[in-house]
Amino acid sequence: MPDSYSYPVEIEIDEDGRHVVSFPDFGWGATDGATLDEALAEAQDLLRELIACTMRESKDLPEPSPPSERHMLVVPPVMIALKAALYEAFRGTGLSQRGLARELGVAESEVRRMLNPDHATKAAAIDRSLRRLGRSVIVSVGEAT
9 MPDSYSYPVE IEIDEDGRHV VSFPDFGWGA TDGATLDEAL AEAQDLLREL IACTMRESKD
69 LPEPSPPSER HMLVVPPVMI ALKAALYEAF RGTGLSQRGL ARELGVAESE VRRMLNPDHA
129 TKAAAIDRSL RRLGRSVIVS VGEAT
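Heads up: the sequence shown begins at 9 in my numbering, then just goes up one per residue.
Structural data, given as structure tokens:
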């Protein structure tokens with residue numbers, strides 16, 4: 009289970025001078041921008057969708073490759089990172105959604121919403137659920153790039 013959902017990107021300049029960004033760990037998906045900043049903003053949106061799609065397909069999220077000088081790290085939006093952490097913790101339990109609901113003391117519909125990458129969920133609810141599953145959320149703030 010990843011402990012971070014920041015993934016390295018490969019950046020290339022295409023024949024039109026646009027910055028093309030892809031995530032090698034996922035093996036599919038690319039986006040671009042006229043500038044590097046624009047391409048990286050689009051990459052964050054793409055990373056959200058790559059994580060969400062993986063969750064919708066009930067697949068394992070890839071372990072992020074270690075950062076290198078050649079690859080920049082893209083940090084996903086906070087909420088999708090929280091949902092990804094809950095999703096991975098849930099998959100590690102071997103429980104059904106109904107079983108997880110019993111474990112958490114909530115309705116099964118709430119578990120479905122928390123595991124749905126497209127449904128708004130309060131961060132506090134995900135944090136409580138992760139704690140019940142033996143995980144914790146650690147927030148780190150760094151310099152903006």
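Note that beta-carbon positions come from the ideal geometry of N, C-alpha and C, so glycine has one too. In this text the structure is predicted, and so the values were computed from the model without any measurement.
- The distance from the Cβ of H27 to that of A47 is about 4 Å, consistent with a contact at the 8 Å cut-off.
- Contact between M63 and P16 does not hold, since the beta-carbon distance rounds to 20 Å and is not under 8 Å.
- Assignment of beta-bridge partners to A38 by DSSP yields S30.
- Note on geometry: alpha-carbon atoms of R140 and A93 lie some 13 Å from one another.
- Here F34 has L58 and P70 as same chain residues with Cβ atoms under 7 Å from its own Cβ, once five neighbours each way along the sequence are excluded.
- Judged by their CB atoms, M122 and A131 are not nearer to each other than the 8 Å cut-off.
- Beyond the five residues adjoining it in sequence on each side, D135 comes within less than 7 Å, by CB distance, of V145 in the same chain, given in chain order.
- Annotation: V29 to G113 spans about 42 Å, alpha carbon to alpha carbon.
- Excluding sequence positions up to five before and after G41, its CB lies within less than 6 Å of the CB of H27, A47 and E50, all in the same chain and listed in chain order.
- The continuous stretches of alpha helix (DSSP H) do not include Y15, which lies in the beta strand (DSSP E) extending over residues Y15 to I21.
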